[in-house]
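Asks: Following this message is one structure expressed as structure tokens.
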Amino acid sequence: MICDLETGVCGVAGEEEMEIINFNQPKKSIELYYVTDPICSHCWAIEPTLHRFTEQYGDYFNFHTVMGGLLEKWHDGPIDPANGIYKPADVAGHWREVGEISRMPIDGSLMIDNPVQSSYPPSRVFKVIQKNHSDAAAFEYLRRAREALFAFNQNISEQSVMIEIVNKLGLDGEAIVKEAAEPIGQQLLNEDFALAGSLGVRGFPTIVMINEENKGVKIVGGRPFEYYVDGLKQVLNVEELQPKQQPALSTLLEKEKLLFSKEIEVMYDIEKSDMTALIERELSPDSYDKKEVLGELYLTTT
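According to this note's numbering, the sequence shown holds residues 682 to 983 in order.
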């Protein structure tokens, strides 16, 4: 602790003696709809960008996650002919390519050996958690499901896997997965499908921002961070926004439990080569574990 005799300040120096501070938070006048699916690889790829956007600009909007229904079931016809997807095994190479480009790790071999047969079961679990608990709990489930599927190659449509993921959230996995398989689960999911349709969404990820005049901006597919900021400016009809300061890495890791290198790089606008220095500067050695999957570094809390 340093006390400056001239300024009369103990602690960090450099602040003005007197300054005007605005404690007013922006009014949340925007409704943001994130239309997605648990097995959408491009949704996984934009996690770093979306995470930073919500952290820094979340005071401007109410965030809604909407399930879109990417895969009801496999059938004899083409599923996604534009991307050469006719059968589950075709997905593996596509996923790996998305993972390599985005640096959000994707194994993909699961789709050859033990493919996800439908994205509806994990989507229904999301909806039941949302109904019975909170949007935040449901969003955390979605994140853990994607980690399990893409990075750690688990079949998140299997009952045992879904139960395990929900249990790790501190919820009753067996009860929630059971309820999700009942008619109420599909009913809740159908409501999301109807909402996605009313928003004009046909592909994922899609983000729709709507203002109080019921005018909106739709951003389809994975886009750079600036796209989302510019979209928010357009829908608010302003030239400048006031972003919040990014949280300290220690705070972020404590909240998220697991962070991939790419997520940290995007959040703090640093290069991959700067990661080690940032970690050593911001984290105490006993507060995290450093691991690697598919050539990508990730951090977990201890």
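A virtual CB, placed ideally from N, CA and C, is assigned to each residue, including glycine.
Nearest-angstrom Cα distance between lysine 630 and phenylalanine 742?
Replies: Since the displayed the chain opens at 682 and closes at 983, residue 630 lies outside it and no answer follows.
Asks: What separation, rounded to the nearest whole angstrom, lies between the Cα atoms of threonine 688 and threonine 932?
Replies: Only weak support exists for where threonine 688 lies, its pLDDT of 48 falling under 50; the value from the coordinates is given anyway. Approximately 31 Å between the Cα atoms of the pair.
Asks: What is the rounded straight-line gap between the Cα of histidine 745 and the Cα of threonine 717?
Replies: If you take the alpha carbons of histidine 745 and threonine 717, they lie about 11 Å apart.
Asks: Measure the Cβ-Cβ separation of phenylalanine 807 and leucine 823 and say whether it is below 8 Å.
Replies: A contact, by the Cβ cut-off of 8 Å.
Asks: So what's valine 747 in DSSP terms, helix, strand or just coil?
Replies: Note: valine 747 maps to strand in three-state DSSP.
Asks: From this set, Val797, Ser722, Leu713, which residue's C-alpha is nearest glutamate 781's C-alpha?
Replies: Measuring from the Cα of glutamate 781, the nearest candidate turns out to be Ser722.
Asks: Could you tell me how far apart the beta carbons of tyrosine 979 and leucine 940 are, in whole angstroms, since I believe they sit closer than 8 Å?
Replies: Tyrosine 979 to leucine 940, Cβ: 6 Å. Contact.
Asks: Is the beta carbon of arginine 720 less than 8 Å from the beta carbon of valine 797?
Replies: Before going on, a small fix: residue 720 reads as isoleucine here, not arginine. For isoleucine 720 and valine 797, yes; Cβs fall inside 8 Å.
Asks: Measure the alpha-carbon distance for lysine 899 versus threonine 887 and round it to whole angstroms.
Replies: Using only the alpha carbons, I get a separation of about 7 Å.
Asks: Between Thr982, Arg784, Val882, which has its C-alpha nearest tryptophan 936's C-alpha?
Replies: For the record, residue 936 in the displayed sequence is lysine; it is not tryptophan. Nearest of Thr982, Arg784, Val882 to lysine 936, Cα basis: Thr982.
Asks: Based on the DSSP secondary-structure assignment, which residues constitute the bridge partners of lysine 971?
Replies: According to DSSP, which records beta bridges pairwise, lysine 971 is partnered with Leu980.
Asks: Can you grab the Cα-Cα spacing for the pair lysine 925 / aspartate 757, in whole Å?
Replies: Near 49 Å, if we compare the C-alpha coordinates of aspartate 757 and lysine 925.
Asks: Do the segment 760-777 and the segment 906-916 make contact, defined as three or more Cβ pairs closer than 8 Å?
Replies: At 8 Å Cβ cutoff, the stretches do not touch.
Asks: Please determine, among Pro966, Ser942, Glu963, the residue with the shortest C-alpha to C-alpha distance to threonine 730.
Replies: Ranking the options by Cα distance to threonine 730, first place goes to Ser942.
Asks: Any idea what DSSP makes of methionine 890, helix, strand or coil?
Replies: Note: methionine 890 maps to strand in three-state DSSP.
Asks: Considering only their Cβ atoms, is the gap separating serine 838 from proline 988 smaller than 8 Å?
Replies: No information on residue 988 is available, as it lies outside the stretch 682 to 983 that the chain covers here.
Asks: Whole angstroms are fine: how far does the CA of tyrosine 969 sit from the CA of alanine 763?
Replies: About 42 Å.
Asks: Take asparagine 892 and list the residues in its own chain whose beta-carbon comes closer than 7 Å to its own, dropping the five residues that flank it on each side.
Replies: Once the five neighbours on either side are set aside, the close Cβ partners of asparagine 892 are Ser710, Ile711, Val916, Leu917.
Asks: Closest to arginine 827 by CA distance: which of Asp788, Leu876, Gly884 is it?
Replies: Among Asp788, Leu876, Gly884, the Cα nearest to that of arginine 827 is on Asp788.
Asks: Which residues in the same chain as glutamate 860 place their Cβ atom closer than 6 Å to its Cβ, once the five residues preceding and following it in sequence are excluded?
Replies: Only Val809 meet the Cβ criterion.
Asks: From the DSSP output, in three-state form, read off glycine 774 for me.
Replies: DSSP places glycine 774 in helix when its eight states are reduced to three.
Asks: Work out the CA separation of proline 786 and glutamate 973 for me, nearest whole Å.
Replies: One C-alpha to the other measures close to 10 Å.
Asks: Does any C-beta atom of chain B lie closer than 8 Å to the C-beta of asparagine 795?
Replies: In the displayed structure, chain B is absent; only one protein chain is listed.
Asks: Measure the C-alpha to C-alpha separation of glutamate 875 and glutamate 977 and round it to an integer number of angstroms.
Replies: Contrary to the premise, residue 875 reads as alanine rather than glutamate in this sequence. The alpha-carbon atoms of alanine 875 and glutamate 977 are separated by roughly 38 Å.
Asks: Comparing alpha-carbon positions, which option in Arg733, Gly750, Gln737, Trp755 lies nearest glutamine 867?
Replies: It is Gly750.
Asks: Would you call glycine 878 buried or exposed, if buried means 16 or more other Cβ atoms sit within 10 Å of its Cβ?
Replies: Under this definition glycine 878 is an exposed residue.
Asks: With a CB to CB cut of under 8 Å and the five nearest residues on each side skipped, what residues in its chain are close to glycine 739?
Replies: Within the same chain, glycine 739 has close Cβ partners Lys925.
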